[in-house]
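The structure appears below as structure tokens.
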Amino acid sequence: MPSPRDPAVLEELDRRAAVLERCFDLSRLAGSGDTPAKIRRYYEDSRLGYRLVHSREGAMHMALNPGGTFDRAGYAGQALLVDKRLPAGARDVLELACGNGYNLRLLAERNPETSFVGVDLVAAQVRRARVALAAHERADAVQGDFQSLALHDAGQDCAYVVESLCHATDLPRAFAEIARVLRPGGRLVVIDGWRTAQFDALPAIVREATVAVERAMAVSQGQALPAWKRTGAECGLGVIEELDLTEQIAPNLARLAAIAERFVSRGRLARAARLVAPEALLTNAVAAYLMPLVVQAGGHTYRLLTLERG
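Just so it is clear: in the sequence shown, position 155 is 156 by the numbering used here, and no numbers are missing.
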């Protein structure tokens, strides 16, 4: 992998940022994702892009491709990793931000004796999740906010969340809610992207591009991994495992960047699209175009963390 300060990576990142500035007003990204309503709107407006570009099967996360070549089968990778980390004999499992139910369905198929419930902000996604779960009588999805869960105290053996805890607008509150609903010794499995430990020391172009990617995906408060872990520990959730998956998402990132390149390199088309397309579809192109280089330059890392309630 290139060095975070590789001149070629920084030069290409600068070039892509300039291309985007000619197509979009990146200053409009400020404030994106800073309320639940804005996060909900982002996902509602992104629906077409997720379905047509990302996954017709309903996956809303990155594929894990350890072989180095993009393969749609990799969309099952996160659910398989969670499955291996479910506590023995788990009776009740919660997915935070379950989206269209892709991961819930896979886990329900593999664990027919376990009760699963998914919570998601977006009503339309909850409806699609319920359709996906129709054959699984012990699995369901409900609309809600993981920062204010309508669930009983100490009722869950495990909670998991894929690429969504980054949307927390109040991270201590989110951790406190998760800790509240977990039984003593219960687990939280998080698969997500974070700013790296060295983020503050990176060149300005890398930091600026990292923030642009976050805001383009409705993440208002990018978290550096060390600080995120401390917040979890303060809320009673200590890290017991950390697995670096960054290289496994590289093929998916490269694929999305190539699609974005074909769009943003046609400046007139991109500018015309601003008049008719939902804002989130356009900002997804911003994120896709910059993300591979942000990762290569050390702005973001993609990992699995298992935390345990004390």
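Backbone N, C-alpha and C define an ideal beta-carbon position, used for all residues, glycine too.
A quick note: this is a predicted structure, and the numbers were derived from the prediction, not measured.
As computed with DSSP, threonine 307 is found in a beta bridge with Val190, Glu242. From the listed residues Val118, Leu87, Ala109, the smallest Cα separation to alanine 98 is found for Val118.
Serine 221 sits in coil when the DSSP states are folded into three classes, being neither helix nor strand. The C-alpha of asparagine 101 lies about 14 Å from the C-alpha of alanine 77. In terms of Cβ geometry, alanine 261 and alanine 217 do not form a close pair [threshold 8 Å]. The three-state reading of DSSP puts threonine 302 in strand, counting E and B together. Exposed is the label assigned to alanine 205, since fewer than 16 other Cβ atoms lie within 10 Å of its Cβ.
Residues Thr115, Phe117, Leu134, His137, Arg139, Ala140 of the same chain have their beta carbon placed closer than 8 Å to that of alanine 109, with the five preceding and five following residues left out of the count. For glutamate 96, the secondary structure class from DSSP, reduced to helix, strand or coil, is strand.
Per DSSP, cysteine 24 is one residue of the alpha helix (DSSP H) stretching across 8 to 24. Within the segment 48 to 97, complete alpha helix (DSSP H) segments of at least 4 residues are found at 78 to 86, given in chain order. The beta carbons of leucine 30 and threonine 211 sit no closer together than 8 Å. When rounded, the separation of the alpha-carbon atoms in leucine 305 and valine 163 is 9 Å. Here arginine 310 is not near glycine 233, since their CB atoms are 8 Å or more apart. With 16 or more other Cβ atoms inside 10 Å of its own Cβ, aspartate 193 counts as buried. According to the DSSP assignment, valine 123 belongs to no beta strand (DSSP E), since it is labelled neither H nor E.
Residue Asp84 holds the alpha-carbon nearest to the alpha-carbon of arginine 188 among Asp84, Pro293, Asp7. For alanine 198, there is no enclosing alpha helix (DSSP H), as DSSP marks it with neither H nor E.
By the criterion of a C-beta distance shorter than 8 Å, proline 88 is surrounded in its chain by Asp158, Cys159, Gly186, Gly187, Arg188, once the five residues flanking it on both sides are discounted.
With respect to leucine 291, arginine 17 sits close: the two C-beta atoms are nearer than 8 Å. The DSSP-derived three-state label of glutamine 148 is coil.
In this structure phenylalanine 176 is not in contact with glycine 300, their Cβ atoms being roughly 24 Å apart against a cut-off of 8 Å. In chain order, Asn101, Tyr103 place their CB closer than 6 Å to the CB of glycine 59, counting only its own chain and leaving out the 5 sequence neighbours on each side. Isoleucine 250 and valine 127 have their C-alpha atoms spaced approximately 26 Å apart. When the beta-carbon positions are compared, glycine 223 and glutamate 235 stay at least 8 Å from each other. Nearest to glycine 90 by alpha-carbon distance, out of Pro113, Ala198, Ile241, is Pro113.
Following the DSSP letters along the chain, one finds alanine 160 inside the beta strand (DSSP E) bounded by residues 157 to 163. The C-alpha of leucine 11 lies about 44 Å from the C-alpha of arginine 181. Counting the other CB atoms within 10 Å of its CB gives glycine 32 a total below 16, which places it among the exposed residues. By the neighbour-count definition (other C-beta atoms within 10 Å, threshold 16), leucine 254 is a buried residue. Bridge pairing for valine 287: absent [DSSP].
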